[in-house]
Amino acid sequence: MDVIAICGSPRKGNTEFILKRLLMKAEGAGHKTELVLLREKKIGYCMGCLGCDKSGACPISDDMDAIIASMEKSDLIIFASPNYYNNVSGIMKVFFDRMNVLYGTDKLSGKKVSVIFVGEEVKTIQKAILSVESIANSFGMDIVCSLYLNGKGPRDIETNPESVQKIDDFAKIFLS
Ligand SMILES: Cc1cc2nc3c(=O)[nH]c(=O)nc-3n(C[C@H](O)[C@H](O)[C@H](O)COP(=O)(O)O)c2cc1C
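Read left to right, the sequence shown gives residues 134 to 309 (the working numbering).
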């Protein structure tokens, strides 16, 4: 299986740690993986021109082209973000908006999706998870499992054995 993980944190922190650990497990199980750190990519804002509706292509040429190509050949896509006001981070939202070039096509339909969030508190996290699941549904993708972990400081999850165990348990689910 080809697994791609999209990391929406603007810092080297919890979200990145979770993905690196999950991908390490996936590789150990013989899967091919790719980690995309959006903070290191050049991705311009969607201009709302809807040119993609007419031509099937985006007039902006940047790192989004390669990420989309990778997603198209993946079997499992992981969308992971810190919880920012019960939604994804800004860079993750810019990324999702640019996926509009695939809207209305079947290029992502049927692909397995896993949604991961990190946040300070659990109370309202479901709203954040639902927002990403709803985007994935718009592209006909199948949500297979979601994970939410508590963390605020950049190393909160890495230094919490209970959280690390939850990641390992989750790896077994999404790789099964
Ligand atoms: C702009 C901003 C908004 C945030 N909003 C929330 C929030 O609404 N709920 C929450 O639980 N945590 C919130 N947080 C805390 C982050 O989700 C938390 O620090 C998380 O661990 C960041 O993940 P990272 O280490 O992968 O960057 C916010 C943090 C920032 C910087």
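Where a beta carbon is used, it is the ideal one built from N, C-alpha and C, also for glycine.
With a threshold of 7 Å (Cβ to nearest heavy atom), would residue i be considered close to ligand 1?
{"i": "Ser279", "result": "no"}
{"i": "Asn293", "result": "no"}
{"i": "Lys285", "result": "yes"}
{"i": "Asp289", "result": "yes"}
{"i": "Val221", "result": "no"}
{"i": "Ser142", "result": "yes"}
{"i": "Val251", "result": "yes"}
{"i": "Gly109", "result": "Since the displayed the chain opens at 134 and closes at 309, residue 109 lies outside it and no answer follows."}
Give me the residue from the options with the minimum Cα distance to residue i.
{"i": "Ser142", "options": "Ala202, Ile151, Val297, Met204", "result": "Ile151"}
{"i": "Gly161", "options": "Gly252, Val169, Thr238, Met134", "result": "Met134"}
{"i": "Leu183", "options": "Asp198, Lys285, Phe307, Arg231", "result": "Arg231"}
{"i": "Val221", "options": "Ile210, Val234, Tyr236, Cys140", "result": "Cys140"}
{"i": "Val227", "options": "Ile193, Glu266, Tyr178", "result": "Tyr178"}
{"i": "Asn147", "options": "Ala269, Asn216, Ala304, Glu167", "result": "Asn216"}
Below 8 Å on the Cβ atoms is my contact criterion, and I expect residue i with residue j to pass it. Report the Cβ-Cβ distance as a whole number of Å.
{"i": "Leu171", "j": "Ile224", "result": "5 Å"}
{"i": "Lys145", "j": "Pro287", "result": "7 Å"}
{"i": "Ser207", "j": "Val136", "result": "6 Å"}
{"i": "Ile211", "j": "Ser264", "result": "Not quite, the Cβ-Cβ distance comes to about 16 Å (not below 8 Å), so this is no contact."}
{"i": "Glu167", "j": "Ser203", "result": "6 Å"}
{"i": "Leu155", "j": "Ile300", "result": "6 Å"}
Measure the C-alpha to C-alpha separation of residue i and residue j and round it to an integer number of angstroms.
{"i": "Lys240", "j": "Glu291", "result": "35 Å"}
{"i": "Val255", "j": "Asp275", "result": "24 Å"}
{"i": "Val251", "j": "Lys285", "result": "8 Å"}
{"i": "Asp198", "j": "Ser296", "result": "34 Å"}
Mapping DSSP to helix, strand and coil, what is residue i?
{"i": "Ile201", "result": "helix"}
{"i": "Val255", "result": "coil"}
{"i": "Asp275", "result": "strand"}
{"i": "Val221", "result": "coil"}
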